[in-house]
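Protein chains: 2
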Amino acid sequence: MDARTALGAKFSQWLAMGPDPTGCPVRNLLDRLGDRWSMLLLAALADGPKRFSALARVIPDISKRMLSQTLRSLEGDGLVLRDVQPTVPPSVTYSLTPLGESFTTPLLGLVTWAEAHFGLVQAARARALMVPIGTSAHETPAPAPSEH
Amino acid sequence: MDARTALGAKFSQWLAMGPDPTGCPVRNLLDRLGDRWSMLLLAALADGPKRFSALARVIPDISKRMLSQTLRSLEGDGLVLRDVQPTVPPSVTYSLTPLGESFTTPLLGLVTWAEAHFGLVQAARARALMVPIGTSAHETPAPAPSEH
DNA sequence: TGACAAGGTCTCATTTAGAGACCGATAAGC
DNA sequence: GCTTATCGGTCTCTAAATGAGACCTTGTCA
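If you read the protein sequences in the order shown, they are chains A and B. Start counting the first sequence at 1075; every next residue gets the next number (this note's numbering). Start counting the second sequence at 1075; every next residue gets the next number (this note's numbering).
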């Protein structure tokens, strides 16, 4: 059974579980980790424990606000450990918990796929620009350039 | 080399590539697929081609607006094929492209992890509620209910 | 004296997502 | 004939998420 078949089978099982999407583990975790920063932070922490400002440096385009918020969400889910040393100024180190480490396995699969297929995605994007999305031979001709 | 080490190695490679995050394939794809709906739609389509309204039924809590928008984004990235039959009313069927099918492999890994570890995540969440985040032994003592 | 660092929080403005009305053509129910 | 529903969306309006950047405290360095 290939991955597509297996995934499709799982998906129809979720459907059978009823109409409540929040009860589904996959929906639940995808809602948490499926944002712009969570998986990226987990990848950064896979490289080793890091302090708040070190994370901000290696991911320059995250705001302090989202960095703080996302780390607390990951901590709340048990994926990240937050260790505060009561020095002055305080020193806070974030690291992966064993649960967080276990997540690096599927995350590595995702990352590997991205590296391997990025070229094909870029090619598809280039085609999408040449032929506007949704346009094909049998559709309505291009709409007359009406203003507004 | 375990997954965590491999992922950490990849992460430090990205850092060496320079300060521009958008050039990184992983950042780029994570920004596209790392949202609330993209991976879920890919999982739904792994179950087989589906029409617009069928997708809306199996994922009841997505709005038509986001469904349309996300499908077009996936089409633009070459993961999903949109097939319009010029009947009246038009019949539009979405399916995975070969590239989209190849993504089901890492996605299945993610889904499998979620199913296997959801219990641990729930336990961590419960603990996080009992002991407010960031609180540990060497921090400021719990704000003693300064009764007198 | 002033600047800078730690690890955040706070407010404000912009961006994004969701709710729901609407569309045009057709077919079914009454 | 009238109402209703389906199809695959788009449109507007509002609510929520996000980003930018000021601010905080205590201490060290110049």
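Backbone N, C-alpha and C define an ideal beta-carbon position, used for all residues, glycine too. No experiment lies behind these values; they were computed from the predicted model shown.
Own chain residues within Cβ distance below 8 Å of residue i, not counting five before or after
i, result
"residue 1153 of chain B", "1116, 1170, 1171, 1173, 1174 and 1177"
"residue 1125 of chain A", "1165, 1166, 1167 and 1168"
"residue 1159 of chain A", "1165, 1166 and 1167"
Chain B within 7 Å of residue i, Cβ atoms only
i, result
"residue 1178 of chain A", "yes"
"residue 1126 of chain A", "no"
"residue 1164 of chain A", "no"
"residue 1075 of chain A", "no"
"residue 1151 of chain A", "yes"
"residue 1108 of chain A", "yes"
"residue 1095 of chain A", "yes"
"residue 1100 of chain A", "yes"
"residue 1090 of chain A", "no"
"residue 1145 of chain A", "no"
"residue 1103 of chain A", "yes"
"residue 1235 of chain A", "Since the displayed chain A opens at 1075 and closes at 1222, residue 1235 of chain A lies outside it and no answer follows."
Beta-carbon proximity check, residue i vs residue j, cutoff 7 Å
i, j, result
"residue 1145 of chain A", "residue 1168 of chain A", "yes"
"residue 1119 of chain B", "residue 1130 of chain B", "no"
"residue 1185 of chain B", "residue 1185 of chain A", "no"
"residue 1150 of chain B", "residue 1202 of chain A", "yes"
"residue 1121 of chain B", "residue 1086 of chain A", "yes"
"residue 1103 of chain B", "residue 1197 of chain A", "no"
"residue 1183 of chain B", "residue 1183 of chain A", "yes"
Among the options, nearest to residue i - alpha-carbon criterion
i, options, result
"residue 1166 of chain B", "B/1088, B/1187, B/1137 and B/1123", "B/1123"
"residue 1190 of chain A", "B/1136, B/1137 and B/1179", "B/1179"
"residue 1148 of chain B", "B/1160, B/1137 and B/1109", "B/1109"
"residue 1139 of chain A", "A/1093, A/1111 and A/1200", "A/1111"
"residue 1132 of chain A", "B/1078, B/1076, B/1083 and B/1088", "B/1088"
"residue 1127 of chain A", "A/1092, A/1105, A/1093 and A/1163", "A/1163"
Cβ-based neighbour list, residue i, same chain, cut-off 7 Å, excluding 5 preceding and 5 following
i, result
"residue 1113 of chain A", "1107 and 1181"
"residue 1095 of chain B", "1101"
"residue 1192 of chain A", "none"
Simplified DSSP state of residue i, which is helix, strand or coil
i, result
"residue 1202 of chain A", "helix"
"residue 1156 of chain B", "strand"
"residue 1211 of chain B", "Its pLDDT being 43, under 50, residue 1211 of chain B is placed unreliably by the model, and nothing is read from it."
"residue 1162 of chain A", "coil"
"residue 1064 of chain B", "Because chain B in this structure spans residues 1075 to 1222, residue 1064 of chain B falls outside the shown range and cannot be described."
"residue 1110 of chain A", "coil"
Within-7 Å CB hit, residue i to chain A
i, result
"residue 1194 of chain B", "yes"
"residue 1183 of chain B", "yes"
"residue 1084 of chain B", "yes"
"residue 1200 of chain B", "no"
"residue 1131 of chain B", "no"
"residue 1139 of chain B", "no"
"residue 1081 of chain B", "yes"
"residue 1148 of chain B", "no"
"residue 1230 of chain B", "With chain B represented from 1075 up to 1222, any question about residue 1230 of chain B goes unanswered, as that position is not in the structure."
Residues near residue i by beta carbon distance below 6 Å, same chain, minus five either side
i, result
"residue 1090 of chain B", "none"
Check: residue i C-beta below 6 Å from any heavy atom of the ligand FMN
i, result
"residue 1184 of chain B", "Here there are no bound small molecules, and the ligand FMN is not part of this structure."
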